[in-house]
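Participant: My questions will all concern the structure given below.
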Amino acid sequence: MKNLEYKKFIIRTFLFLIPFFIMSAVELALPVNYFSHRFWESINVYNRAGRILLPGPFYPNMKMSMVETGDLGVHTPNEVIKNVEWVTNNDGYRTRLSPNEQYDIVLVGDSLAVGSGLDQKETAAEVLSKSIGKDVYGMGGILMTEFLHSDYLTVHSPKTIVLVQMERDLTDVSNFSTKYTYNFISFSHEIAQKIIHTFHLEKLTDVFVLLDRFLKQNMYHYFRANTQYFFEAKPVIKFDNSPMLFFQGDIANKEVSKQDFNLTVSKIVEVDKVLKEKGIQLIFVPVPNKETIYWDSLPSKTKPHFIPDLVKALNEKGVKAVNTQDQFFKATIKENKTLYHTDDTHWNAEGVKETMKLVSPLIKK
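Quick note, our numbering runs 19 ahead of the 1-based positions in the sequence shown.
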């Protein structure tokens, strides 16, 4: 009797899972971006298995185009259509350049450095490269603390590191720690990558991508989100008659404490010192929150001064840092330029250009 009940349980479980496996098979047979509104959700490495087995933050060796909408405006009347191309290299970074070559200039940082919402040619690394007439290797999607520990820094030893970081993450000093702390995923990733390279298992990359896609279940999340917003409108943060959508609103413009300010300065100075000891120049690029530039559209009407104060303090300590906030105000007010996507958290192509105007002169010729 127990064996019979056990067999029935197995059969029922199998029948219950059949729709799940059919849906997964259908999803894996379709293009990687079929069930998403941005490449970011489509090809970012999502789960533990993928982060251990795949080399970088995105699926490697991708070259695709799609119509995207912003992260704030999707499923709302405020969404704006963008035609974008994404190209990733063997190591899973959004760049056309090979990871095996030597580059004097490397650009690292968060989603701004990746170019979320931007076409490939509009990304910070490609705009800077065109401006200075040199290749710039883009490693967006990696924290500075991870980069300092990476094999890339040890093997290739570039001359200049451009660090791009959004204002709201600047006080998270773990991003700038010079002491790398292993966790299960980072330790397993390092071992797995050594095994893959030693035994030339790179041909299994496509299998690892399929595994990550299977575990990510984009189809499920796509239908859940669409069903949710069919019955209930997606909440947006929007003020007055401005077309801008905001990620945080007034909270983004709260005063940074003196303790957090000093700690951020000390951590970035520490990073600069470590790089200088290796003969590498750091150019620090803090990018204002959208709320900072459009402060007068928010209820509090509070104009932040964190970035100018931070840049001044860093410059006084010998760190090359650029005051993007003043540059953005000038471009926005005097030249009437729009530097952010209206329906997205991130800068647009104009925002990248204005920033690289400040960075280009600091690159050693």
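Using N, Cα and C, we set each Cβ at its ideal position, and we do this for glycine too.
How would you label Asp225, buried or exposed, when you count the other beta carbons within 10 angstroms and need 16 or more for buried?
Facilitator: The residue labelled residue 225 in the question sits at position 206 within the sequence shown. So Asp225 counts as exposed.
Participant: Count the other C-beta atoms from every protein chain shown that fall within 10 angstroms of the C-beta of Val146, then say buried if there are 16 or more, exposed otherwise.
Facilitator: Residue 146 sits at position 127 when you count from the first residue of the sequence shown. The residue is buried, with at least 16 neighbouring Cβ atoms inside 10 Å.
Participant: Sort out for me which residues DSSP pairs Ala340 with in a bridge.
Facilitator: Stepping through the sequence shown from its first residue, residue 340 is reached at position 321. Answer by DSSP bridge pairing, in chain order: Phe303.
Participant: Nearest to Asp328 by CA position, among Glu274, Ser319, Ile352, is which residue?
Facilitator: Locating residue 328 in the sequence shown gives position 309, counting from the first residue. For the residues Glu274, Ser319, Ile352, the minimum Cα distance to Asp328 belongs to Glu274.
Participant: Residue range of the alpha helix (DSSP H) that Met163 falls in?
Facilitator: Start at 1 with the first residue of the sequence shown, and residue 163 comes out as number 144. Segment 163 to 168, the alpha helix (DSSP H) holding Met163.
Participant: Compute the Euclidean distance between the alpha carbons of Glu14 and Lys82, then round it to the nearest angstrom.
Facilitator: The chain is shown only over 20 to 384; residue 14 falls outside these bounds and no answer can be derived.
Participant: Among Leu182, Met42, Trp105, which one has its Cα closest to the Cα of Leu167?
Facilitator: Position 148 of the sequence shown, counting from 1, holds the residue named residue 167. If we check each option's Cα against that of Leu167, Leu182 comes out closest.
Participant: I'd like to know whether the C-beta atoms of Leu377 and Gln346 end up nearer to each other than 7 Å.
Facilitator: As a first step, residue 377 must be located in the sequence shown, where it is residue number 358. As a first step, residue 346 must be located in the sequence shown, where it is residue number 327. For Leu377 and Gln346, yes; Cβs fall inside 7 Å.
Participant: What would DSSP say about Lys257, mapped onto helix, strand or coil?
Facilitator: Here residue 257 corresponds to residue number 238 of the sequence shown, with the count starting at 1. Coil, per DSSP.
Participant: Is it the case that the stretch 168 to 180 contacts the stretch 247 to 267, given that we only count it when at least three CB pairs across the two stretches are under 8 Å?
Facilitator: No contact exists between the stretch 247 to 267 and the stretch 168 to 180.
Participant: So who's on the other strand from Val431, going by DSSP bridges?
Facilitator: The question about residue 431 has no answer, for the chain in this structure spans 20 to 384.
Participant: Looking at the structure shown, is Tyr65 part of a helix, part of a strand, or coil, going by DSSP?
Facilitator: Within the sequence shown, residue 65 is the residue found at index 46, counting from 1. Coil at Tyr65, not helix or strand.
Participant: Can you tell me which of the three DSSP states Phe218 falls into?
Facilitator: In the sequence shown, residue 218 corresponds to position 199, counting from 1. Note: Phe218 maps to coil in three-state DSSP.
Participant: Quick one: grab the DSSP three-state call for Val93.
Facilitator: One-based indexing of the sequence shown puts residue 93 at position 74. In the structure shown, Val93 sits in coil (DSSP, three-state: anything other than H, G, I, E or B).
Participant: Is Ser276 helix, strand or coil by DSSP?
Facilitator: The count along the sequence shown starts at 1 and reaches residue 276 at position 257. Coil, per DSSP.
Participant: In terms of DSSP beta bridges, what is Lys213 paired with?
Facilitator: The count along the sequence shown starts at 1 and reaches residue 213 at position 194. According to DSSP, which records beta bridges pairwise, Lys213 is partnered with nothing at all.
Participant: Contact defined as beta carbons within less than 8 Å: I believe Val125 pairs with Gly160. What is the distance between those atoms, to the nearest angstrom?
Facilitator: Taking the first residue of the sequence shown as 1, we reach residue 125 at position 106. Taking the first residue of the sequence shown as 1, we reach residue 160 at position 141. Not really, about 13 Å apart at Cβ, beyond 8 Å.
Participant: Which of the three DSSP states, helix, strand or coil, is assigned to Gln184?
Facilitator: Within the sequence shown, the letter at position 165 stands for residue 184. Three-state DSSP puts Gln184 in a strand.
Participant: Exposed or buried, Asp170, counting other C-beta atoms within 10 Å across all chains shown (16 or more means buried)?
Facilitator: Translated into positions along the sequence shown, residue 170 becomes position 151. It counts as exposed.
Participant: Which two residues bound the contiguous alpha helix (DSSP H) that contains Met386?
Facilitator: One cannot answer for residue 386 here, as it falls past the ends of the chain, which runs 20 to 384.
Participant: From what residue to what residue does the beta strand (DSSP E) around Ile124 run?
Facilitator: The count along the sequence shown starts at 1 and reaches residue 124 at position 105. Here the beta strand (DSSP E) through Ile124 covers 124 to 128.
Participant: Can you tell me which residues form a DSSP beta bridge with Val155?
Facilitator: As a working mapping, residue 155 is identified with position 136 in the sequence shown. Beta-bridge pairing links Val155 to Ile124.
Participant: Are Leu264 and Asp188 touching if we call contact CB-CB under 7 Å?
Facilitator: What you label residue 264 is simply residue 245 of the sequence shown in a count that begins at 1. What you label residue 188 is simply residue 169 of the sequence shown in a count that begins at 1. Contact flag unset, no.
Participant: I need the DSSP call for Val103, collapsed to helix, strand or coil.
Facilitator: In the sequence shown, residue 103 corresponds to position 84, counting from 1. In this structure, Val103 counts as strand in the three-state DSSP scheme.
Participant: Span of the beta strand (DSSP E) holding Val86?
Facilitator: The residue given as residue 86 occupies position 67 in the sequence shown. Where Val86 is concerned, the enclosing beta strand (DSSP E) stretches over 82 to 87.
Participant: If the criterion is Cβ atoms closer than 7 Å, does the pair Thr197 and Val293 meet it?
Facilitator: The sequence position of residue 197 within the sequence shown is 178, counting from 1. The sequence position of residue 293 within the sequence shown is 274, counting from 1. Yes. Within cutoff.
Participant: How big is the Cα-Cα spacing for Val99 and Gly89?
Facilitator: If you number the sequence shown from 1, residue 99 lands on position 80. If you number the sequence shown from 1, residue 89 lands on position 70. For Val99 and Gly89, the distance between alpha carbons rounds to 7 Å.
Participant: Report the option in Phe77, Lys339, Val45, Ile30 whose CA atom is closest to the CA atom of Gln236.
Facilitator: Translated into positions along the sequence shown, residue 236 becomes position 217. Of the candidates Phe77, Lys339, Val45, Ile30, the one whose C-alpha sits nearest the C-alpha of Gln236 is Val45.
Participant: From the DSSP output, in three-state form, read off Thr246 for me.
Facilitator: If you number the sequence shown from 1, residue 246 lands on position 227. Residue state, collapsed to three classes: helix.
Participant: Assess, as a yes-or-no matter, whether the stretch 29 to 41 is touched by the stretch 198 to 215 under the definition of 3 or more beta carbon pairs within less than 8 Å.
Facilitator: Because the criterion of three Cβ pairs below 8 Å is not met, the stretch 198 to 215 and the stretch 29 to 41 do not touch.
Participant: Have a look at the DSSP bridge pairing and note the partners of Tyr313.
Facilitator: Walking along the sequence shown from the start, residue 313 turns up at place 294. DSSP output for Tyr313 lists no bridge partner at all.
Participant: Where does the unbroken alpha helix (DSSP H) through Lys331 begin, and where does it stop?
Facilitator: Mapped onto the sequence shown, residue 331 falls at position 312. From DSSP, the alpha helix (DSSP H) with Lys331 extends over 325 to 335.
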